[in-house]
Amino acid sequence: MDLKKREDLKDQLTEKFKHRFGHGGNKEADEVSVNSATIRKEVESFARKAPITETNLDRLERRIQSRAHGKTGDNASTVSKAISGVSQYTGLSQRSKSATSLVGKSLVAPRKHDWSKLDEYASYLHEQDALRQRLGVQALQRKMKLDLDAQVQDKLKRRDEALEEEKRHYENTLLELERWKQQEKEREDERHQRVLKEKEDRDEQLRYEKLLKDQEEQRRKDEEVQLVDKIVSEMEADQKRHEKKKEQTRRAMRKVFEQNAEAGTPNGIQIGLRRLRHVTVLLVPGWSPSFPNRILPTVQSRPFITDMALFSETSDAQVLSKSLPRPSQVLPSLRFPPHARESRPQMAEHCRVRCS
């Protein structure tokens, strides 16, 4: 049986015995009123110590009835001690019942004619029972109030603890947020510094490369200027050597013609002297490694004239060319390249040098 049903049964038994043995109940002539607290106590003792059976309920009723017959406190205490425990409702012998009945009769018999005092005493007991009941209710209310206050305080305490915990969590969250923001700011500053450093390094590299490029360009320009100056100097020196050699060649040829004139015919001398002014000298490309367009050199202090003399204004120049030693006779290793021989008319036309 669950607790609720047990409590309901206890309330029903208490109300039943109150109507039967309480103040104003339907009592027999030899019975007195039993206060409500005693009835309640007996019912609770019964419910706590014995199983709820019909036999045990009858024994509970007889126990309360024995109290209504006017037993003294000592006799009631002796009977209560004798029937304590679960066995007080199940193991009583017939002898115990007889003894209880005899004791009840012996106690009630002397008071058979004192009903007014018994009623006054019952009223007093009823008042005391009501007072105790009120005090019990008040005590119960105080206890309930204390319990409720304790529950409220505990609830408030738990609420305060929850609020405090939430506050601590909120503060910790704010601290974590601030710490995260600080870390993010430091990382951003570090990234910014790294970007600036990379930019500075890149700019420095570009400046260095530009400097190297400018230096290389300046060096190249200086080399070009030096090369141009060198070429100009060499050309001027070559031109001077050329002019000098041309002058030497002209004087040498004049000397040769004068010497030949002394030994040759007058006509040959006159023709040679007249045509000496328009001697054509071929400039052979690629002939000299250092100076590609150098004029043919003299050999053994005697100048020679190539076959290009045949392209003079008159065929009489053949006499002049035959009177001089040919290149193959003086320096057999010197040969004109094929393209030079094939284009001798054109080359001679553009390479004529006026000796006078």
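For the record, in the sequence shown the residue sitting at position 92 is 1327 according to my numbering, with numbers rising by one throughout.
From the three backbone atoms N, C-alpha and C, an ideal C-beta is built for every residue, glycine too.
One Cα belongs to L1295, the other to F1281, and the distance between them is close to 7 angstroms.
T1288 carries a coil assignment under DSSP once its states are collapsed to helix, strand and coil. Distance from K1245 to E1279 at the Cβ level is roughly 7 angstroms; contact confirmed, criterion being Cβ atoms closer than 8 angstroms. Judged by beta-carbon spacing, T1273 lies within the 8 angstroms limit of R1302, meaning their Cβ atoms are closer than that value.
Taking every protein chain shown into account, the CB of S1271 has 16 or more other CB atoms within 10 angstroms, so this residue is buried.
Taking each of R1275, Q1461, V1463 in turn and checking the Cα distance to D1364, the smallest one comes out for R1275. By the 16-neighbour rule on beta-carbons within 10 angstroms, M1470 is exposed. By the 16-neighbour rule on beta-carbons within 10 angstroms, T1484 is buried.
Counting every other CB atom within 10 Å of its CB across the protein chains shown gives A1357 a total of 16 or more, marking it as buried.
S1468 and H1477 have their C-alpha atoms some 14 angstroms from each other. CA-CA distance, A1472 to L1462, rounds to 15 angstroms. Here K1253 is buried: its Cβ has 16 or more other Cβ atoms, across all protein chains shown, within 10 Å. Separation of L1360 and Q1376 (C-alpha to C-alpha, rounded to the nearest whole angstrom) is 23 angstroms. Burial is judged here by how many other beta carbons sit within 10 angstroms of a residue's own beta carbon; E1425 has fewer than 16 and is exposed. Rounded to whole angstroms, the separation of the alpha carbons of K1352 and Q1373 is 31 angstroms.
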